[in-house]
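Protein chains: 2
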Amino acid sequence: MTDPNLPNLTVQQLEYLVAAAASPTRAVAAASLGVTPSALTQGLAELERRIGVTLFERSGRLTRLRPQAADVLAHARRVVAETRGLARWAEGQRTGRAGVVRLGTIDAVAVHHRAEAIRRHRQDVPGLDLRLNVAPSGELLDSLRVGDLDLVACVEPTRHDLSTQLDGIDFDHCFTEPLFAYAPAQSNAETMADWGPWVSYPRGSHTREVIAAGLVAAGAPFTVVAESNQPEVLREMVRLGMGWAVLPAVPAETGSEPLKRARRRPVAERRIAVARRSGLPADAAVEALAEALLAG
Amino acid sequence: MTDPNLPNLTVQQLEYLVAAAASPTRAVAAASLGVTPSALTQGLAELERRIGVTLFERSGRLTRLRPQAADVLAHARRVVAETRGLARWAEGQRTGRAGVVRLGTIDAVAVHHRAEAIRRHRQDVPGLDLRLNVAPSGELLDSLRVGDLDLVACVEPTRHDLSTQLDGIDFDHCFTEPLFAYAPAQSNAETMADWGPWVSYPRGSHTREVIAAGLVAAGAPFTVVAESNQPEVLREMVRLGMGWAVLPAVPAETGSEPLKRARRRPVAERRIAVARRSGLPADAAVEALAEALLAG
DNA sequence: TCTATTATTTAGAAAGACTGAATTATTAGT
DNA sequence: ACTAATAATTCAGTCTTTCTAAATAATAGA
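Protein chains in written order, with the working numbering: chain A, 43 to 338; chain P, 43 to 338.
And the structure:
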């Protein structure tokens, strides 16, 4: 709509113009560009034709810029300079030394397991614009699927929802995190069948799926009386005597009053994976960060 | 030398990118550009190939810009906007509504004969950058020849120097200016043979050639005792009694003490012409000003 | 499942851009 | 004035780019 046939100039033509203006003769300009004088003549003639304005005039056996062309030359210089900047940016993109990566992780990954890896990667790749998003695994994968995130570190989904969740996403296993059972202080359960009731992650949470599967397999009932996505909140609920919880060791056993494990061995474990959209062009910056996360 | 193979982007490709980013679908973008969706697809693929960075990704049946491409889009917008400005400038150049015109005239033209025409033209064409240069005819034609001026209004050269002066220059006759003889107050010559001695324009001046030819034809001797390019200076010399002069009426007969003509009829006339370099591309701004000068 | 919409791929035609050779025009030297 | 050297352009041929039109693939909605 806003386009009354804009002249289709090429960067190369503008380069020709800049070189011609900077060189004493066209032969010199052509040599500096690595083309024949013939190519330069034809290219500049095409440029003039497209702009619709005569830019050069012959003065003796030299061909020189007309003073009227000063504005065109200034334009050419600007565009060539900008394009040079763009090329530099693209080079950075290709080699992964720069760019934007929108990373989503669950809390445990960002604040504990890979906190140091992320910090180190940001230091190693100063040009990187890293945007970190902390949310539950399900939300992260949804965001990844619609393109709001480039890379996700989350709990690998269980087989239940393979069909709807995993179709366009590649998972690389990263590490496995043990989950322990914690009882309220006043509890005196003797067998695992007496454990509970539970405070746990909300329905739909990947971690909750893992926990439920682990407890059921061990013969413990899984009745949930309170929910939260935040492990610290669940820990406080246990401390208040609201119920039992299955949690990673770190949020449960840090702070002024650490919880104590109801059993030495973990009752479940969650598999943490790095997820990317599949079938997508390789983005070096994303790949580099994925490597850093996988390596730890 | 400063050129590690810069990508040869075209304005059209950048336009495609801007349109694709601004439109909900590619079909719409293609329609707004007046091309087929196929052309848009291929053009954008070529752009990606040249930049070397993937800019789009498929999301369902739509193809959308990747967020990483924001910088490229910004670049494209800048270049397209600048090119639009350039196109506007070029349009102005072509139609003569803008541009630079370096006009050279002799003094009489600029301050008298065409003063009003020049003033009016500048008013009519506000975008015009008019640079006026007042000098004797010979200098003006030299400047015109080497390209320091675009248009000259001067005294048409006599046939003497046709070979060296007129080869690359076109003259359009503009008007003819009568030159009158003025005698000092104390003079009492009776026949033209008694006229003189003279104060006149310097040797080489076109006007002096005309004057000399006119006086010789009328049987008057032409001995020059003082020279100046400025008619006002010549007038003052006459007033001081240094000699006679042949001058245009205006500078001779204006001022507090106008000179009086030695004879009613002019003793010579100079042909004022508008001169341009020949064999040169038509410059609308120059043509327009030439028209204005010729019309008066 | 069927259908309309969106985008891409392919094939062929037209335009553009390059090299190398021939040509024109201008300057400098004899 | 003549000749050689230099600057730039034009020309012919080839290869590349870019378009349209038609065929194909994929998706969303009924």
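Even for Gly, the Cβ is constructed at its ideal location relative to N, Cα and C.
Taking C-beta separations shorter than 6 Å and ignoring five residues to either side along the sequence, the partners of arginine 250 (chain A) in its chain run Ser242 and Tyr243, following chain order. The segment 252 to 291 of chain P contains, as complete beta strand (DSSP E) runs of 3+ residues, the segments 266 to 269 and 287 to 290 (chain order).
Closest by C-alpha distance to glutamine 110 (chain A), out of P:Val328, P:Ala337 and P:Leu336, is P:Val328.
For a Cβ distance threshold of 7 Å, residue set Trp131 of chain P lies close to aspartate 113 (chain A), ordered along the chain.
Per the DSSP secondary-structure output, histidine 215 (chain P) pairs in a beta bridge with P:Ala315. At a cut-off of 8 Å, the C-beta of serine 101 (chain A) has a neighbouring C-beta in chain P.
Taking a Cβ-Cβ threshold of 7 Å, the residues of chain A close to proline 109 (chain P) are Val142, in chain order. Under the 8 Å Cβ criterion, the segment 230 to 237 of chain A does not count as touching the segment 183 to 203 of chain A, having fewer than three qualifying pairs. In the three-state reduction of the DSSP assignment, tyrosine 243 (chain P) falls in the coil class. The beta carbons of leucine 48 (chain P) and cysteine 216 (chain P) sit about 50 Å from each other, so the pair does not count as a contact at 8 Å.
Ranked by Cα distance from glycine 297 (chain P), the first of P:Arg281, P:Phe98 and P:Pro308 is P:Arg281. For the 8 Å CB-CB criterion, leucine 193 (chain P) and serine 185 (chain P) do not form a contact.
The beta-carbon of proline 66 (chain P) is placed no less than 8 Å from the nearest beta-carbon of chain A. Of the residues A:Val266, A:Pro178 and A:Pro168, the one whose Cα lies closest to the Cα of threonine 147 (chain A) is A:Pro178. Within the segment 129 to 214 of chain P, the complete beta strand (DSSP E) segments at least 3 residues long are 140 to 147, 169 to 176 and 193 to 197, listed from N- to C-terminus.
Looking at the backbone, the Cα of arginine 91 (chain A) and that of proline 290 (chain P) are separated by about 47 Å. Cβ-Cβ distances below 8 Å link alanine 337 (chain A) to Ala159 in the same chain, with the five nearest sequence neighbours on each side left out; the list follows chain order. With contacts defined as CB atoms closer than 8 Å, valine 288 (chain A) and leucine 221 (chain A) qualify as a contacting pair.
Exclusion of the five residues before and after asparagine 175 (chain P) leaves Gly146 as the residues of its chain whose Cβ lies within less than 6 Å of its Cβ. Judged by beta-carbon spacing, glutamate 133 (chain P) lies beyond the 8 Å limit of arginine 120 (chain A), meaning their Cβ atoms are not closer than that value. From the beta-carbon of proline 49 (chain P), the residues of chain A found nearer than 9 Å are Val53, Thr125, Leu128, Ala129 and Ala132. The three-state secondary structure of alanine 310 (chain A), taken from DSSP, is strand.
Taking one beta carbon from each stretch, the segment 97 to 112 of chain A and the segment 77 to 87 of chain P have fewer than 3 pairs nearer than 8 Å; the two do not touch.
Relative to arginine 106 (chain P), the option among P:Leu86, P:His117, P:Val122 and P:Pro300 whose CA is nearest is P:Leu86.
Annotation for alanine 254 (chain P): Phe264 place their beta carbon closer than 7 Å to its own, counting only its chain and skipping 5 residues before and after.
Nearest in C-alpha terms to valine 252 (chain P), of all of P:Val197, P:Gln272, P:Gly261 and P:Thr52, is P:Val197.
Taking the Cα positions, threonine 52 (chain A) is about 4 Å away from threonine 52 (chain P).
Collapsing the DSSP output to three states places threonine 249 (chain P) in a helix.
Contact note: glycine 285 (chain P) does not reach chain A at a C-beta cutoff of 7 Å; the least C-beta distance is about 43 Å. Annotation: glutamate 299 (chain A) to alanine 225 (chain A) spans about 13 Å, alpha carbon to alpha carbon.
When the beta-carbon positions are compared, leucine 183 (chain P) and isoleucine 211 (chain P) come within less than 8 Å of each other. Each residue's CA atom was taken as its position, placing arginine 68 (chain A) and glutamate 57 (chain A) some 13 Å apart. Between alanine 326 (chain A) and valine 95 (chain P), the alpha-carbon positions lie close to 10 Å from each other. Going by beta carbons, alanine 330 (chain A) and glycine 138 (chain A) fall inside the 8 Å limit. Within chain A, the residues placing a beta-carbon under 7 Å from that of valine 121 (chain P) are Val121 and Glu124, ordered along the chain. Think of a sphere of 7 Å around the beta carbon of valine 95 (chain P): the chain A residues whose beta carbon falls inside it are Ala132, Gln135 and Arg136, in chain order.
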